[in-house]
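Trainee: In this note's numbering, the protein residues as written are 4 to 259. Here you go, one structure.
Structure follows, in structure tokens:
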């Protein structure tokens, strides 16, 4: 492992689109390698995937407005573990704007003979401290960590009982594909998991029952109002028919 412990483990990295939350690329690395050593492979795989999506979209819908960025990946947002001067410099050579927060360091760094690396690190620092950079970091904590939580915590991929990197990577790709499919279902149906769909179905049944009950209540109140109005107009007519006899008898009684 990176901290010196010995485990049969691999390290998974996700490249996530911050607009939709979809996982663009997945790589499986050796657990003893640091984040700064494995970033390039994940970034390259993500760039290949985005370019492939853009080409497929242009082939299938050439007249529509492209939904995938035709320029490929233009911004890179990571956590503090990926920051180093060499990484920021390499990302700049890839023509990608980096938003990588720095770890707190004691003292001042020695930039002697590292002028290009210094310019790249300072430019990255300015972008991270800006309002746009802070918004990207907040979205990274929401989108990227959500994919890890769904796949490895809730999805049970934290422990994988398979042998060999290739078999583990296949299992991981299937799991991440299901996660992306849940995003599509959530956009179409409003629910991305079977449990949420069951809850939505129960809420739908309750709403239909309430609508039917409310409709029956309105019909009952309308019938009662109609019956009351009929009685209002019928009863006085009957009393009008009987009032002359009553008055006549009363007058007779009074006269005698």
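For each residue, glycine too, the CB sits at the ideal point set by N, CA and C.
How about residue 150: is its C-beta nearer than 9 Å to some C-beta of chain B?
Mentor: Among the chains in the structure shown there is no chain B, since it carries only a single protein chain.
Trainee: Is the closest heavy atom of the ligand ADP to the C-beta of residue 58 under 8 Å?
Mentor: Inclusion of the ligand ADP in the displayed structure is not the case, the ligand content being empty and no account of it being possible.
Trainee: Could you spell out the range, first to last residue, of the beta strand (DSSP E) harbouring residue 100?
Mentor: That run of the beta strand (DSSP E) goes 100-102.
Trainee: So, at 7 Å on beta carbons, what are the nonlocal neighbours of residue 60 in its own chain, with the 5 sequence-adjacent residues on each side left out?
Mentor: Cβ neighbours of residue 60 beyond the five flanking positions: 69, 70, 71.
Trainee: Does DSSP put residue 23 in a helix, in a strand, or in coil?
Mentor: Three-state DSSP puts residue 23 in coil, outside helix and strand.
Trainee: When DSSP labels each residue in this structure, what does residue 157 get in the three-state scheme?
Mentor: Three-state result, residue 157: helix.
Trainee: I'd like to check one pair, residue 99 with residue 17: are the Cβ atoms closer than 9 Å?
Mentor: No, they are not a contact pair.
Trainee: Secondary structure at residue 262, three-state DSSP: helix, strand or coil?
Mentor: Past the boundaries of the shown model lies residue 262; the chain is included only from 4 to 259, so the question cannot be answered.
Trainee: Can you check which of these residues, 7, 15, 21, 25, is closest to residue 180 by C-alpha distance?
Mentor: That would be 25, whose Cα lies nearest to the Cα of residue 180.
Trainee: Out of 27, 199, 11, state which residue places its alpha-carbon closest to the alpha-carbon of residue 176.
Mentor: Of 27, 199, 11, the residue nearest in Cα terms is 27.
Trainee: Taking the alpha carbon of residue 154 as the reference point, which residue from 6, 22, 29, 23 has its own alpha carbon closest?
Mentor: Out of 6, 22, 29, 23, 29 has the C-alpha closest to the C-alpha of residue 154.
Trainee: Can you list, in chain order, the residues of its chain whose CB lies under 6 Å from that of residue 120, leaving out five sequence neighbours each side?
Mentor: 88, 92.
Trainee: To the nearest angstrom, how far is it from the Cα of residue 167 to the Cα of residue 33?
Mentor: Looking at the two C-alpha atoms, the distance is approximately 11 Å.
Trainee: What separation, rounded to the nearest whole angstrom, lies between the Cα atoms of residue 160 and residue 216?
Mentor: When rounded, the distance between both Cα atoms is 46 Å.
Trainee: If you compare alpha carbons, which of 207, 190, 47 is closest to residue 78?
Mentor: Looking at the Cα atoms, 47 is the closest of the given residues.
Trainee: Ordered along the chain, which non-local residues of its own chain (more than five positions away) have a Cβ less than 6 Å from that of residue 84?
Mentor: Same-chain partners within the cutoff: 38.
Trainee: With DSSP run on the structure shown, which of helix, strand or coil describes residue 79?
Mentor: Residue 79: strand per DSSP, three-state reduction.
Trainee: Taking the straight line between their C-alpha atoms, what separation do you get for residue 1 and residue 145?
Mentor: Since the first and last residues shown for the chain are 4 and 259, residue 1 lies out of range.
Trainee: Which full runs of the alpha helix (DSSP H) of 4+ residues lie inside the segment 167-206, going along the chain?
Mentor: Runs of the alpha helix (DSSP H) inside the segment 167-206: 168-192.
Trainee: Can you grab the Cα-Cα spacing for the pair residue 125 / residue 140, in whole Å?
Mentor: If I take the Cα positions, the gap works out to 18 Å.
Trainee: Our contact map puts residue 102 next to residue 136 with C-beta atoms below 8 Å; I'd like the distance itself, whole angstroms only.
Mentor: Confirmed, about 5 Å.
Trainee: How many angstroms separate the CA atom of residue 189 from the CA atom of residue 110?
Mentor: Roughly 49 Å separates the two Cα atoms.
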